[in-house]
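Those sequence lines, one after another, are chains A and B.
Residues in the first sequence are numbered from 0 upward in steps of one, following numbering that gives the first Met the number 0.
Residues in the second sequence are numbered from 0 upward in steps of one, following numbering that gives the first Met the number 0.
For glycine and all other residues, C-beta sits at the position ideal for the given N, C-alpha and C.
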Amino acid sequence: MTSTAEKPSVVGRKPADPAFKKKSPLTRIFASRETSIAIAVILIIAVTTLRNPTFLTSADGFRDLLVTPSILLVVALGQAVVIITRSVDLSVGSVLGLTAYLVGTLFVAFPSIPIPLMFLIGLAFGGLLGLINGALVAFGRVPAMVITLGTLYAFRGINVAWTGSNRINASDMPSGFLKLGTQQILGIPVLTIIALIALVVVAWYLHNTRGGREFYAIGSDPEAAELYGLQKTKRVLMAFVFSGAMAGLGGVLYAARYGTINSQAGDGFELQAVGAAVIGGVAITGGTGTVIGAALGAFLLVTINRALPVLGIPDFWQKAVVGALILGAIVLDRVMAKRNHQKLLEKRDR
Amino acid sequence: MSETTAPRTYKDFAQPIVRRLLLTRESAIIALLIVVLIGASLIVPSFASAATATYLMLDVATILLISLVMAPIMITGDIDLSVGSMVGLSSVVFGVAFQAGLPVPVGIVFALVVGAVGGLFNGWLITHIDLPALAVTIGTMALFRGIAVGLLGTTAVTGFPQEWTKLARAKIGDSPIPVIMILFVVLLIGAVWMLHFSKFGRGIFAIGLSKEAAAFSGVDVARTRLILFVLSGTIAALAGVYFTLRYGSARGDNATGLELQVIAAVVLGGVSVFGGRGALHGVIAGVFLIGALSSALRLANVTSDVINIITGVLLVASVIASSVLDWFKRQRARRALRSATQQPVTAG
Numbered sequence: 000m001t002s003t004a005e006k007p008s009v010v011g012r013k014p015a016d017p018a019f020k021k022k023s024p025l026t027r028i029f030a031s032r033e034t035s036i037a038i039a040v041i042l043i044i045a046v047t048t049l050r051n052p053t054f055l056t057s058a059d060g061f062r063d064l065l066v067t068p069s070i071l072l073v074v075a076l077g078q079a080v081v082i083i084t085r086s087v088d089l090s091v092g093s094v095l096g097l098t099a100y101l102v103g104t105l106f107v108a109f110p111s112i113p114i115p116l117m118f119l120i121g122l123a124f125g126g127l128l129g130l131i132n133g134a135l136v137a138f139g140r141v142p143a144m145v146i147t148l149g150t151l152y153a154f155r156g157i158n159v160a161w162t163g164s165n166r167i168n169a170s171d172m173p174s175g176f177l178k179l180g181t182q183q184i185l186g187i188p189v190l191t192i193i194a195l196i197a198l199v200v201v202a203w204y205l206h207n208t209r210g211g212r213e214f215y216a217i218g219s220d221p222e223a224a225e226l227y228g229l230q231k232t233k234r235v236l237m238a239f240v241f242s243g244a245m246a247g248l249g250g251v252l253y254a255a256r257y258g259t260i261n262s263q264a265g266d267g268f269e270l271q272a273v274g275a276a277v278i279g280g281v282a283i284t285g286g287t288g289t290v291i292g293a294a295l296g297a298f299l300l301v302t303i304n305r306a307l308p309v310l311g312i313p314d315f316w317q318k319a320v321v322g323a324l325i326l327g328a329i330v331l332d333r334v335m336a337k338r339n340h341q342k343l344l345e346k347r348d349r
Numbered sequence: 000m001s002e003t004t005a006p007r008t009y010k011d012f013a014q015p016i017v018r019r020l021l022l023t024r025e026s027a028i029i030a031l032l033i034v035v036l037i038g039a040s041l042i043v044p045s046f047a048s049a050a051t052a053t054y055l056m057l058d059v060a061t062i063l064l065i066s067l068v069m070a071p072i073m074i075t076g077d078i079d080l081s082v083g084s085m086v087g088l089s090s091v092v093f094g095v096a097f098q099a100g101l102p103v104p105v106g107i108v109f110a111l112v113v114g115a116v117g118g119l120f121n122g123w124l125i126t127h128i129d130l131p132a133l134a135v136t137i138g139t140m141a142l143f144r145g146i147a148v149g150l151l152g153t154t155a156v157t158g159f160p161q162e163w164t165k166l167a168r169a170k171i172g173d174s175p176i177p178v179i180m181i182l183f184v185v186l187l188i189g190a191v192w193m194l195h196f197s198k199f200g201r202g203i204f205a206i207g208l209s210k211e212a213a214a215f216s217g218v219d220v221a222r223t224r225l226i227l228f229v230l231s232g233t234i235a236a237l238a239g240v241y242f243t244l245r246y247g248s249a250r251g252d253n254a255t256g257l258e259l260q261v262i263a264a265v266v267l268g269g270v271s272v273f274g275g276r277g278a279l280h281g282v283i284a285g286v287f288l289i290g291a292l293s294s295a296l297r298l299a300n301v302t303s304d305v306i307n308i309i310t311g312v313l314l315v316a317s318v319i320a321s322s323v324l325d326w327f328k329r330q331r332a333r334r335a336l337r338s339a340t341q342q343p344v345t346a347g
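#1: Hey, out of B:Leu-230, B:Leu-237, B:Ala-236, B:Lys-198, whose CA is closest to Asp-219 of chain B's CA?
#2: Given a limit of 8 Å on CB to CB distance, which residues of the stretch 308 to 333 of chain A reach chain B?
#3: For Ser-350 of chain B, go through chain A and note every residue whose CB falls closer than 7 Å to its CB, in chain order.
#4: Scan the stretch 291 to 308 of chain B for residues whose Cβ lies nearer than 9 Å to a Cβ of chain A and list them as they occur along the chain.
#5: Taking the alpha-carbon positions, what's the Thr-104 of chain A to Gly-189 of chain B distance?
#6: Name, please, each residue of chain B whose Cβ falls closer than 9 Å to the Cβ of Gly-274 of chain A.
#7: Taking only beta-carbon atoms, is Ser-174 of chain A less than 9 Å away from chain B?
#8: What residue does the alpha helix (DSSP H) around Tyr-215 of chain A start on, and which one ends it?
#9: Can you tell me whether Tyr-241 of chain B is buried or exposed, with buried defined as 16 or more other CB within 10 angstroms of its CB?
#10: Keeping to the same chain, check which residues put their C-beta closer than 8 Å to that of Leu-36 of chain B; ignore five residues upstream and five downstream.
#11: Which parts of the stretch 161 to 247 of chain B are runs of the beta strand (DSSP E), unbroken and 3 residues or longer, counting only runs that do not cross its ends?
#12: For the pair the stretch 172 to 190 of chain A and the stretch 149 to 161 of chain A, tell me if three or more CB-CB distances fall below 8 Å.
#13: CA-CA distance, Gly-296 of chain A and Gly-133 of chain A?
#14: Three or more C-beta pairs under 8 Å: does that hold for the stretch 47 to 59 of chain A against the stretch 214 to 221 of chain A?
#15: Got a sec: is the Cβ-Cβ distance from Ala-306 of chain A to anything in chain B below 9 Å?
#16: Listing by chain order, which chain A residues have their CB less than 8 Å from the CB of Ile-262 of chain B?
#17: Could you check how far apart the C-beta atoms of Phe-315 of chain A and Gly-114 of chain B are, in whole angstroms? I think they sit under 8 Å.
#18: Using the beta-carbon of each residue, which ones in chain A are nearer than 7 Å to Arg-144 of chain B?
#19: Please check if any C-beta of chain A sits within less than 9 Å of the C-beta of Asp-58 of chain B.
#20: Starting from the N-terminal side, write out each stretch of the alpha helix (DSSP H) that is 4 residues or longer and does not extend beyond the stretch 113 to 160 of chain A.
#21: Which residues, in chain order, does the stretch 247 to 270 of chain A contribute to contact with chain B at a C-beta distance below 7 Å?
#22: Which one of B:Ser-174, B:Asn-307, B:Gly-277 has the shortest CA to CA distance from Thr-53 of chain B?
#23: Roughly how many angstroms lie between the CA atoms of Gly-96 of chain A and Lys-165 of chain B, to the nearest whole one?
#24: Applying a beta-carbon distance threshold of less than 7 Å, which residues of chain A neighbour Thr-310 of chain B?
#25: Which value, in whole angstroms, describes the spacing of the CA atoms of Thr-287 of chain A and Pro-188 of chain A?
#26: Compare the beta carbon distance of Val-191 of chain B and Leu-279 of chain B with 9 Å and say whether it is the shorter of the two.
#27: I'd like the span of the alpha helix (DSSP H) that includes Gly-288 of chain A, first residue to last.
#28: Against chain B, with Cβ distances strictly below 9 Å, would Ala-293 of chain A count as a contact?
#29: At which residues does the alpha helix (DSSP H) containing Asp-370 of chain B begin and terminate?
#30: Starting from the beta carbon of Thr-284 of chain A, find every residue of chain B whose beta carbon is closer than 7 Å, and list them in chain order.
#31: Give the straight-line distance between the Cα atoms of Asp-348 of chain A and Met-335 of chain A, rounded to the nearest whole angstrom.
#32: Comparing the C-beta of Ala-160 of chain A with each C-beta of chain B, is any distance below 9 Å?
#33: Would you grab the beta carbon distance between Gly-277 of chain B and Gly-269 of chain B for me? Rounded to a whole angstrom, and I think it's under 8 Å.
#34: Kindly list, in the order they appear in chain A, the residues whose Cβ is closer than 9 Å to that of Val-318 of chain B.
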């Protein structure tokens with residue numbers, strides 16, 4: 000069953016019917032959502048740099064351009080997987096904040112914890128919170144939106160009750176850890192490299208493994224997937240654990256990047272994460288989209304946010320831009336899907 | 000067992016009316032509300048007072064108003080996450096109009112128009128572009144809030160005329176009941192009629208059970224959903240005006256996170272998250288339950304974050320509760336079936 004070889008009947012039918020002719024790889028790349036988002040990011044960077052050259056050309060500007068989106072990128076990765084399985088995880092911002100504070104507290108209590116271990120702790124703790132979400136969604140058989148809306152407030156409440164008006168400052172954390180926020184290898188910031196490694200691993204998994212394809216199968220038709228014998232409960236659980244773990248990783252990156260963590264760390268992050276995924280072409284109805292698109296969506300959102308003040312627009316408008324982009328993206332998806340459907344009907348009738 | 004073997008009619012299978020009334024989600028939540036009210040009065044010293052009752056009603060008024068339309072929307076199987084942002088936006092519009100020197104009633108009209116247009120925008124995207132309500136209202140949640148914050152930044156409009164701010168906090172005569180409750184009761188009567196006694200309301204339940212079946216039986220599905228979203232935006236704007244006058248300040252971040260409290264109250268009140276089931280008396284009990292809990296906890300000096308935790312846990316618990324109950328019912332049915340098949344029924 001694990002063989003990916005196509006059945007001969009399908010192969011045999013393909014060349015005869017022009018409707019089944021594959022588009023050339025070049026056309027596919029240019030027509031994809033990923034490409035248009037990437038072009039949008041480049042355009043924004045270009046226009047903003049014309050306005051204020053330090054935006055890109057100064058060493059700090061270039062680094063910030065890559066580092067700032069990294070945190071959102073890893074969280075959007077997890078969110079994309081959850082949305083592909085036709086759920087949504089609104090609690091990621093709270094998970095990120097809780098994990099970031101845990102990381103800070105652990106560093107205060109045990110300053111000598113090795114940094115890689117701290118990353119593992121962040122992933123595990125986030126994954127544990129994700130497991131709570133996943134168990135409630137998978138076994139309770141209720142919409143993920145309501146469950147994660149509940150845990151969004153519960154986790155944030157726990158964070159505020161635990162933190163109070165305390166906060167972790169940069170001086171409380173080892174300098175080696177904080178250096179991660181500024182360190183670079185070959186000119187690329189370490190945090191960005193970590194995020195990109197996570198991206199490549201997840202993209203590979205989703206595209207090339209049986210487990211990865213099952214996420215898509217469950218998202219495009221849960222009933223059919225279950226009838227076919229896929230373990231829906233297990234996969235949904237996995238998606239939420241993964242989303243939690245990525246939010247946990249985001250929390251560790253957040254601590255390394257900003258140094259100060261209070262009870263409001265990551266507040267409102269869920270909207271950005273859902274926005275990044277949706278703008279990047281992950282349909283909220285499940286079953287389609289790529290994590291690369293979600294990652295580019297994250298880049299777009301963060302870059303716009305940083306470009307607005309340079310372009311002379313107060314950053315109060317950032318949220319409105321996010322909203323307009325989300326709406327634009329879902330309308331675009333709908334229009335494309337309708338057109339595709341129409342085309343297929345015409346082909347069938349011909 | 001009786002000697003006569005008269006044919007059993009459907010009445011033999013119906014539950015007695017007392018049981019039917021006592022075993023609904025709505026009755027359970029009303030009972031829980033009464034328990035909380037009595038418990039809080041006994042444990043928290045200052046809870047059982049006229050002043051607390053007034054504050055409780057003033058506090059929940061915003062949520063009460065919005066839940067009147069959120070309940071029907073969730074019964075159709077949709078959701079409106081943008082209501083909290085619409086409260087903020089209408090507050091800003093109201094404030095900006097007042098700042099520009101317009102009289103308060105004109106500002107209210109402006110705010111209501113913005114609410115109706117925002118709701119129409121939501122409804123149009125959902126019904127005419129055929130998009131999921133969740134996706135659309137996540138987008139407009141950011142958009143409405145973004146416009147509100149963009150228009151006023153971190154500044155606030157204050158200095159509304161005293162007669163208006165006082166009216167928002169005024170009580171009816173010597174009673175502890177705030178004036179705003181008159182408006183609520185009027186709208187409630189309208190909502191009860193709309194949801195439980197009109198053809199439109201039966202359409203709402205039908206849509207929640209099955210959109211296709213509702214369409215085949217003559218319900219104009221798109222129109223019904225569109226109207227509900229317009230009503231939702233308008234009533235959120237009305238709540239925004241009340242919110243602004245009550246606190247005397249129009250700010251872009253007013254009522255952040257309000258959508259959770261509304262949804263939590265509606266779900267707690269017995270509206271199914273899958274649509275098709277729910278009643279307004281349960282929803283109102285749900286609103287008051289959350290309000291009374293947080294009011295009692297605040298009087299007992301419990302901080303607002305613990306209230307947040309409780310709200311979140313209540314929301315999760317109330318949606319899980321029904322599926323856990325279903326599971327138990329299924330188990331019991333299976334056990335009954337097993338014992339029935341193992342030993343044939345013998346006459347007693």
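So, from the listed chains and residues:
#1: The residue given as residue 219 of chain B occupies position 220 in the second sequence. Minimum Cα distance to Asp-219 of chain B is reached at B:Lys-198.
#2: Pro-313, Phe-315, Trp-316, Gln-317, Lys-318, Ala-319, Val-320, Val-321, Gly-322, Ala-323, Ile-325, Leu-326, Ile-329, Val-330, Arg-333
#3: Not covered by the structure: residue 350 of chain B. The range shown for chain B is 0 to 347.
#4: Thr-302, Ser-303, Asp-304, Val-305, Ile-306, Asn-307, Ile-308
#5: What you label residue 104 of chain A is simply residue 105 of the first sequence in a count that begins at 1. What you label residue 189 of chain B is simply residue 190 of the second sequence in a count that begins at 1. Cα-Cα distance, rounded: 53 Å.
#6: Position 275 of the first sequence, counted from the start, is the residue given in the question as residue 274 of chain A. Chain B residues near Gly-274 of chain A: Ile-137, Gly-138, Ala-141.
#7: One-based indexing of the first sequence puts residue 174 of chain A at position 175. Ser-174 of chain A does not count as touching chain B.
#8: On the first sequence, residue 215 of chain A is found 216 positions in, with the first residue counted as 1. Residues 209 to 219.
#9: For the purposes of this step, residue 241 of chain B is identified with residue 242 of the second sequence, where counting begins at 1. Per the 10 Å Cβ criterion, buried.
#10: Taking the second sequence and counting its residues from 1, the one referred to as residue 36 of chain B is at position 37. Result list for Leu-36 of chain B: Ala-291, in chain order.
#11: Runs found: none.
#12: no
#13: Mapped onto the first sequence, residue 296 of chain A falls at position 297. Mapped onto the first sequence, residue 133 of chain A falls at position 134. Near 25 Å, if we compare the C-alpha coordinates of Gly-133 of chain A and Gly-296 of chain A.
#14: No, they do not touch.
#15: Here residue 306 of chain A refers to the residue found at position 307 of the first sequence. No, its Cβ sits nowhere closer than 9 Å to a Cβ of chain B.
#16: As a first step, residue 262 of chain B is located in the second sequence; it is residue number 263 there, counting from the start. The answer, in chain order, is Val-145, Leu-148.
#17: By 1-based counting over the first sequence, the position of residue 315 of chain A is 316. By 1-based counting over the second sequence, the position of residue 114 of chain B is 115. Wrong, their Cβ atoms sit about 21 Å apart, outside the cutoff.
#18: Here the question's residue 144 of chain B lines up with position 145 in the second sequence. Lys-318, listed in chain order.
#19: For the purposes of this step, residue 58 of chain B is taken as the residue at position 59 of the second sequence. Cβ-Cβ to chain A under 9 Å: no for Asp-58 of chain B.
#20: 114 to 139
#21: Legend: CB atoms of the stretch 247 to 270 of chain A lying less than 7 Å from CB atoms of chain B belong to residues Leu-270.
#22: If you number the second sequence from 1, residue 53 of chain B lands on position 54. Answer by Cα proximity: B:Ser-174.
#23: As a first step, residue 96 of chain A must be located in the first sequence, where it is residue number 97. As a first step, residue 165 of chain B must be located in the second sequence, where it is residue number 166. Straight-line Cα distance between these residues: approximately 40 Å.
#24: By one-based count along the second sequence, residue 310 of chain B stands at place 311. Correct list: Tyr-152.
#25: Taking the first residue of the first sequence as 1, we reach residue 287 of chain A at position 288. Taking the first residue of the first sequence as 1, we reach residue 188 of chain A at position 189. If you take the alpha carbons of Thr-287 of chain A and Pro-188 of chain A, they lie about 31 Å apart.
#26: Walking along the second sequence from the start, residue 191 of chain B turns up at place 192. Walking along the second sequence from the start, residue 279 of chain B turns up at place 280. In contact: Val-191 of chain B and Leu-279 of chain B (Cβ atoms closer than 9 Å).
#27: Numbered from 1 along the first sequence, position 289 holds the residue referred to as residue 288 of chain A. Premise fails: Gly-288 of chain A is in no alpha helix (DSSP H) and is neither H nor E.
#28: Taking the first sequence and counting its residues from 1, the one referred to as residue 293 of chain A is at position 294. By this cut-off, Ala-293 of chain A is not an interface position.
#29: One cannot answer for residue 370 of chain B here, as it falls past the ends of chain B, which runs 0 to 347.
#30: Working through the first sequence from its first residue, we reach residue 284 of chain A at position 285. Ordered by position in chain B, the residues that pass the 7 Å Cβ test against Thr-284 of chain A are Pro-131.
#31: Sequence index remark: in the first sequence, residue 348 of chain A carries index 349 (1-based). Sequence index remark: in the first sequence, residue 335 of chain A carries index 336 (1-based). About 20 Å.
#32: Counting from one through the first sequence, the residue named residue 160 of chain A turns up at place 161. Closer than 9 Å: yes.
#33: Taking the first residue of the second sequence as position 1, residue 277 of chain B is located at position 278. Taking the first residue of the second sequence as position 1, residue 269 of chain B is located at position 270. Contact flag correct, Cβ pair sits at about 6 Å.
#34: Position 319 of the second sequence, counted from the start, is the residue given in the question as residue 318 of chain B. Neighbours of Val-318 of chain B on chain A, chain order: Leu-135, Gly-139, Val-141, Pro-142, Val-145, Ile-146, Gly-149.
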